[in-house]
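K.L.:
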Amino acid sequence: MKKLIKNILCIGLIASFWACEDLSEVNINPNSPEQVSSNYILTYVLTNTAKTYHNLGYENSKIAGAMQYVQRGTNEGAVVVNFYGWGHESWNSYFDILRNNQVIYENAIEENNDFFKGIALIVRSFHFGLMSDLYGDIPYSASLQANNDVFFPKYDRQIDVYNGVLVDLKEADALLQNLDPSKDVVNATSDIMYGGDAQKWRRFANALRMRYSMRLINKKSDMGALGIDVEQEFNLASQFTFTDNADDAIVDFLGTDENNAAPGGPLNSPNPNLLLKPGQPLVDKLLGLNDPRLYRWVLPVQYKWDDQVTIEKDSVITNVLGETATVKFKPAPEGVDVNTNLYVGLPVGLPIVEAMSYNKGNDEEGYHPERSPYISYLHDRYRKNHDDYVGMNLMTYSEVKFLMAEAALIGGLGASDPEGHYREAIRASMEKYGILSNPGNFNFENYYDQETVSYALSTNKEERIMEQKWIANWQNPQAWFDWRRTGYPVLEAGPVTQFGAAIPVRYMYPSPNLDPNYLVNYEEAISSLEDTQYIPAGQSKDHPYAKMWLLQNSGKPW
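Just so you know, the sequence shown maps onto residues -19 to -1, 1 to 539 in mature numbering (1 follows the signal peptide of the UniProt record, and there is no 0).
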């Protein structure tokens, strides 16, 4: 992973990289007589971009629950994560970043600095694209104009937001391709993602173009009516994009104080967060594939039921990567259904009482509800302030290769050799977790040649690609966006859900402001959403089960 700068200069004082909180002044009065340096603002923008995006998909989030990466093992938060009882979602953090980013953009124009302008366009595209992915129609063309007394901006159609995203990314690519080194300069220490490397920023811009071109592939006719050929966009962007894991758009957690530490570490979570359990669908899939990424993400159970032992005994087990753990093996009880695997995930959507007692068999010991020894914990690295394998990934080389594999399968996007891209995507994902550089007894060729992994041996090649991409997208919201578009992997809701046997497909807008000037725009936005059978009669279409334009008439994901 990239090495972050140790400290950042904030108005003459050394502070941690999250700590430039007085930048809120920029939001209040960006026309202050004392112009704030774009280098100073950039650090704030990048760190908070990484943090807000990471929070969408990390192990404690509703998206991680929807994608069945995790479940909550107690009543705390289970309604949201396990049962999909989603409510209104604020977008203040995105607009805060965008307001600060707008200052960078305006400074860049005033100073004729195309490097900063290109970065600002990429950041703007990233956030507006993400918000539209989450909500649907959003304030876009009239947003960020409070200085012009626009306090209640209209909501642009989702198609127009995506059009603007692709236009801005294309402009960023052109700007970054032709920089003047005498004037187009960004301070390397302020750019905590790429250290002032313009070509890596250009590769990131094109990777995002690929992401959004594929996002829109089922709407290519509608986009064509606006003058955007998404197939051509994908093809052009793929000519200069990520080429290895070193190109990943990632910010690491430093772990030196609560502002720059991982959310699950002791600085932010003094009590170890053990109520989060790995989801059974992911654990069972990784077990079935003999996939070593399991050992980077999940711990073995402390107590294992076993049909082959007659007395309890402690045994040291060693996984294929050479890592060891001590596990108590216990005779499996007769007539009681138990999971005898060494790695046990929590089934999706269980009633809380069942979840807290899951897999206890005939053990009547009263364990703390968060600490059942019969269910796996997430790996210890998710309870650390910093770990080499826990970072905030905005986009990865592995994602790019999966996009190329899908493009080659679909055809018409300028890509070929779907198997080659698919294979490389898996390799890149594994190497991101240090598996191929320290393989122990793991053999990638043997892994890939399995009937359940091999591209050539698959009968549904789209499903094969998207299933592996879901694995690689561990704790990343892109898994949800891909699932909505393709319906893969096939995920089923559990026995308890808030609104029916389906997984949500959008975020609800922030709690409505009662000002009539706001409501007219809000009501127009929700009128464009499509009602579905999962929205109870009489409820607003501003609902997690309403379909935005992107999903309408697609038949996906349900």
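Even glycine gets a Cβ: it sits at the ideal position worked out from N, Cα and C. Note that the structure is predicted; figures quoted are calculated from it, not measured.
Spatial neighbours of Ala242 within its chain, please: CB distance less than 8 Å, with the 5 preceding and 5 following residues excluded, ordered by chain position.
P.N.:
The sequence position of residue 242 within the sequence shown is 261, counting from 1. Hits under 8 Å: Phe234, Leu235, Gly236, Leu248, Asn249, Asn366, His367.
K.L.:
Under DSSP, the alpha helix (DSSP H) around Gly372 begins and ends at which residues?
P.N.:
Here residue 372 is taken as the residue at index 391 of the sequence shown, counted from 1. Where Gly372 is concerned, there is no enclosing alpha helix (DSSP H), although the beta strand (DSSP E) it sits in stretches over 372 to 376.
K.L.:
Candidates Asn534, Val329, Leu270: which alpha carbon is nearest Gln449's?
P.N.:
Mapped onto the sequence shown, residue 449 falls at position 468. Considering only alpha carbons, the answer is Leu270.
K.L.:
Tell me which same chain residues have a C-beta within less than 6 Å of the C-beta of Met195, skipping the five on either side of it?
P.N.:
Looking up residue 195 in the sequence shown gives position 214. Excluding sequence neighbours, Met195 sits near Leu384.
K.L.:
Between the beta-carbon of Pro485 and the beta-carbon of Tyr526, is there less than 7 Å?
P.N.:
The residue you call residue 485 lines up with position 504 of the sequence shown. The residue you call residue 526 lines up with position 545 of the sequence shown. It is a contact, given that the beta carbons lie within the stated cut-off.
K.L.:
List the DSSP bridge partners of residue 551.
P.N.:
Given that the chain is displayed from residue -19 to residue 539, the structure contains no residue 551 and the question cannot be resolved.
K.L.:
Fully enclosed by the region 391 to 457, which alpha helix (DSSP H) runs are 4 residues long or longer?
P.N.:
Listed in chain order, they are 399 to 413, 425 to 429, 442 to 453.
K.L.:
Under 8 Å Cβ to Cβ from Met376, same chain only, skipping five residues before and after it: list those, please.
P.N.:
Locating residue 376 in the sequence shown gives position 395, counting from the first residue. Phe185, Ala188, Leu189, Arg192, Phe223, Asp229, Ala230.
K.L.:
Within its chain, find whatever has a CB closer than 8 Å to the CB of Asn63; leave out the 5 residues flanking it on each side and keep chain order.
P.N.:
Sequence index remark: in the sequence shown, residue 63 carries index 82 (1-based). Cβ within range, chain order: Gly46, Gln52, Arg53, Val329, Gly330, Leu331, Ala336, Gly475, Val477.
K.L.:
Bridge partners of Thr299, per DSSP?
P.N.:
Along the sequence shown, read from residue 1 onward, the residue named residue 299 stands at position 318. The partner list for Thr299 (beta bridge, DSSP) reads Thr305.
K.L.:
Using three-state DSSP, classify Asp137 as helix, strand or coil.
P.N.:
For the purposes of this step, residue 137 is taken as the residue at position 156 of the sequence shown. The answer is strand: DSSP assigns Asp137 an E or B state.
K.L.:
Relative to the alpha-carbon of Ser74, which residue among Trp182, Tyr34, Tyr39, Asn422 has its alpha-carbon at the smallest distance?
P.N.:
Residue mapping note: residue 74 aligns to position 93 of the sequence shown, counting from 1. Closest option to Ser74, Cα to Cα, is Tyr34.
K.L.:
Could you name the residues of the same chain whose beta carbon sits closer than 7 Å to that of Leu256, not counting the 5 residues immediately before and after it, in chain order?
P.N.:
The residue you call residue 256 lines up with position 275 of the sequence shown. Here the set comprises Arg53, Gly54, Thr55, Glu57, Glu351.
K.L.:
Residues in its own chain within less than 6 Å of Pro262 by CB, not counting five upstream and five downstream?
P.N.:
Reading the sequence shown from its first residue, position 281 is the one you call residue 262. The residues are Gln49.
K.L.:
Check whether the region 18 to 37 and the region 430 to 448 touch, using three or more Cβ-Cβ pairs below 8 Å as the test.
P.N.:
Verdict: no, contact absent.
K.L.:
Verify whether the separation of the beta carbon atoms of Ser397 and Ala389 is less than 7 Å.
P.N.:
Numbered from 1 along the sequence shown, position 416 holds the residue referred to as residue 397. Numbered from 1 along the sequence shown, position 408 holds the residue referred to as residue 389. Yes.
K.L.:
Evaluate Tyr65 with the Cβ neighbour count: other Cβ atoms within 10 Å of its Cβ, from every protein chain shown; 16 or more gives buried, anything less gives exposed.
P.N.:
Within the sequence shown, numbered from 1, the residue matching residue 65 stands at position 84. Under this definition Tyr65 is a buried residue.
K.L.:
DSSP three-state label for Ala242, please.
P.N.:
For the purposes of this step, residue 242 is identified with residue 261 of the sequence shown, where counting begins at 1. Ala242: coil per DSSP, three-state reduction.
K.L.:
Between the alpha carbons of Ile44 and Thr321, how many angstroms are there, rounded?
P.N.:
As a working mapping, residue 44 is identified with position 63 in the sequence shown. As a working mapping, residue 321 is identified with position 340 in the sequence shown. Roughly 29 Å between the two C-alpha positions.
K.L.:
Compare the C-beta of Leu270 against all C-beta atoms of chain B and say whether one is closer than 7 Å.
P.N.:
Included in the structure is just one protein chain, with no chain B present.
K.L.:
Closer than 6 Å by C-beta to Val61: which residues in its own chain qualify, once you throw out the five before and the five after it? Chain order, please.
P.N.:
In the sequence shown, the residue the question calls residue 61 occupies position 80. Same-chain partners within the cutoff: Lys43.
K.L.:
Helix or strand or just coil, what does DSSP make of Leu359?
P.N.:
Here residue 359 is taken as the residue at index 378 of the sequence shown, counted from 1. Correct three-state label for Leu359: strand.
K.L.:
When DSSP labels each residue in this structure, what does Ala474 get in the three-state scheme?
P.N.:
Working through the sequence shown from its first residue, we reach residue 474 at position 493. If DSSP states are grouped into helix, strand and coil, Ala474 belongs with coil.
K.L.:
Would Phe215 be called buried (16 or more neighbouring beta carbons within 10 Å of its own) or exposed?
P.N.:
Locating residue 215 in the sequence shown gives position 234, counting from the first residue. That one is buried.
K.L.:
By how many angstroms is the C-alpha of Phe133 removed from the C-alpha of Val279?
P.N.:
On the sequence shown, residue 279 is found 298 positions in, with the first residue counted as 1. On the sequence shown, residue 133 is found 152 positions in, with the first residue counted as 1. Taking the straight line from one Cα to the other gives about 46 Å.
K.L.:
Let me know the secondary structure DSSP gives Ile78 once reduced to three states.
P.N.:
Here residue 78 refers to the residue found at position 97 when the sequence shown is read from its first residue. Helix at Ile78.
K.L.:
Since Ser410 and Ala460 should fall inside the 8 Å C-beta cutoff, what is the C-beta to C-beta distance between them, to a whole number of angstroms?
P.N.:
If you number the sequence shown from 1, residue 410 lands on position 429. If you number the sequence shown from 1, residue 460 lands on position 479. Not really, about 12 Å apart at Cβ, beyond 8 Å.
K.L.:
Count the other CB atoms, across all protein chains shown, that sit within 10 Å of the CB of Val334; report buried if there are 16 or more and exposed otherwise.
P.N.:
Numbered from 1 along the sequence shown, position 353 holds the residue referred to as residue 334. Val334 is exposed by the Cβ-count criterion.
K.L.:
Would you please state the rounded distance, in angstroms, between the beta carbons of Leu327 and Val308? I believe it to be under 8 Å.
P.N.:
Position 346 of the sequence shown holds residue 327. Position 327 of the sequence shown holds residue 308. The pair is not a contact, with the Cβ atoms about 18 Å apart (cut-off 8 Å).
K.L.:
Buried or exposed: Asn29, going by 16 or more other Cβ atoms within 10 Å of its Cβ?
P.N.:
The residue given as residue 29 occupies position 48 in the sequence shown. Classification of Asn29: buried, given that the 10 Å Cβ count is 16 or more.
K.L.:
Should Ile173 go down as buried or exposed, given a rule of 16 or more other Cβ atoms within 10 Å for buried?
P.N.:
Position 192 of the sequence shown holds residue 173. Ile173 is buried by the Cβ-count criterion.
K.L.:
Hey, would you say Leu147 sits closer than 7 Å to Ile85, going by beta carbons?
P.N.:
To locate residue 147, count along the sequence shown from 1; it is residue 166. To locate residue 85, count along the sequence shown from 1; it is residue 104. It is not a contact, given that the beta carbons lie outside the stated cut-off.
K.L.:
With distances taken between CB atoms, is the gap from Tyr469 to Arg274 smaller than 7 Å?
P.N.:
Sequence index remark: in the sequence shown, residue 469 carries index 488 (1-based). Sequence index remark: in the sequence shown, residue 274 carries index 293 (1-based). Not in contact: Tyr469 and Arg274 (Cβ atoms no closer than 7 Å).
K.L.:
Quick check: Tyr490 and Tyr116, are their CB atoms within less than 7 Å of each other?
P.N.:
Translated into positions along the sequence shown, residue 490 becomes position 509. Translated into positions along the sequence shown, residue 116 becomes position 135. Going by C-beta atoms, Tyr490 is nearer than 7 Å to Tyr116.
K.L.:
Which residue spans inside the region 247 to 288 form an unbroken alpha helix (DSSP H) run of at least 4?
P.N.:
With a minimum length of 4 residues, the continuous alpha helix (DSSP H) runs that stay inside the region 247 to 288 are 261 to 270, 274 to 278.
K.L.:
For Ile333, does the three-state DSSP call read helix, strand or coil?
P.N.:
The residue labelled residue 333 in the question sits at position 352 within the sequence shown. Helix at Ile333.
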